[in-house]
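Q: Have a look at this one.
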Amino acid sequence: MFAGQDEDCIGLFETLRKYPLVAVVRRVATKPYIVPGINNHCTIEPNSLIMVPVHALHHDAEHFPEPEEFQPHRFPGQLSSAYMPHGSGPQSYIGKHFVELEAKLIVAMLVSRYEVHLDSSNPGTSPDSLDPKSFAGVRLKVVNRSDVREPRMYTSLQQLHKDNNERAGDRKFMFF
6 MFAGQDEDCI
16 GLFETLRKYP
26 LVAVVRRVAT
36 KPYIVPGINN
46 HCTIEPNSLI
56 MVPVHALHHD
66 AEHFPEPEEF
76 QPHRFPGQLS
86 SAYMPHGSGP
96 QSYIGKHFVE
106 LEAKLIVAML
116 VSRYEVHLDS
126 SNPGTSPDSL
136 DPKSFAGVRL
146 KVVNRSDVRE
156 PRMYTSLQQL
166 HKDNNERAGD
176 RKFMFF
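Here this note's numbering runs 5 ahead of the position in the sequence shown, where the first position is 1.
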């Protein structure tokens, strides 16, 4: 997905594996294909529509052991060809890199505006544990950061918009 940033994105990869954005990948066969494992009795003919159910593929234990578990560390490097949350090949979703970048920016914004702490009233399991399954019971407390300021560019644009609307009098319009 993002070259050299796989470690930063493993939570996003696992989320998209469990909840893919694409329900079905559609392809048209270009040549005859004998489906293996069916005693050579099933042939996909040219021009046949092939539909791959992405959710079923992402929840297949052969490709993703314990598929119902959220395990971000199942993506240690190269992503499996069975992983296709945006489709696959030349017809994959054209905006996939934008969507992934946007998701990372949203997470960055949330982390910058909120503090996340272990809930001391119900701590669950220790986050220092090396067993990924132990994190199923961790409870978190999300607290609004009091020292967060809006970026200067955003504040400047708000002021510019306000100034232009005041000069416009009764005319209502959006400046940007």
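For each residue, glycine too, the CB sits at the ideal point set by N, CA and C.
1. I'd like to know if the stretch 27–36 and the stretch 47–58 are in contact, where contact means that at least 3 CB-CB pairs between them fall below 8 Å.
2. Excluding the 5 residues preceding and the 5 following ARG22 in the sequence, name in chain order all residues of the same chain whose CB lies nearer than 7 Å to its CB.
3. Please classify VAL59 as buried or exposed, where buried requires at least 16 other C-beta atoms within 10 Å of its C-beta.
4. VAL40 and VAL57: beta carbons closer than 8 Å?
5. If we count the other Cβ atoms within 10 Å of its Cβ and call it buried at 16 or more, is VAL27 buried or exposed?
6. Rounded to the nearest angstrom, what separates GLU107 and ASN44 at their Cα positions?
7. Mapping the DSSP letters down to three states, classify LYS23 as helix, strand or coil.
8. Using a Cβ-Cβ cut-off of 8 Å, state whether ILE49 counts as contacting chain C.
9. Around the C-beta of GLU71, are 16 or more other C-beta atoms found within 10 angstroms, so that it is buried, or is it exposed?
10. Mind checking which residues open and close the beta strand (DSSP E) that includes ARG144?
11. Straight-line CA distance for ALA61 to TYR24?
12. Need the endpoints of the beta strand (DSSP E) that ARG31 sits in, please.
A: To lay it out plainly:
1. yes
2. HIS63, PHE69, TYR88, PRO90
3. buried
4. no
5. buried
6. 46 Å
7. helix
8. No chain C is part of this structure, which consists of one protein chain only.
9. exposed
10. Looking at the DSSP string, ARG144 is not in any beta strand (DSSP E), and its letter there is neither H nor E.
11. 11 Å
12. 29–33
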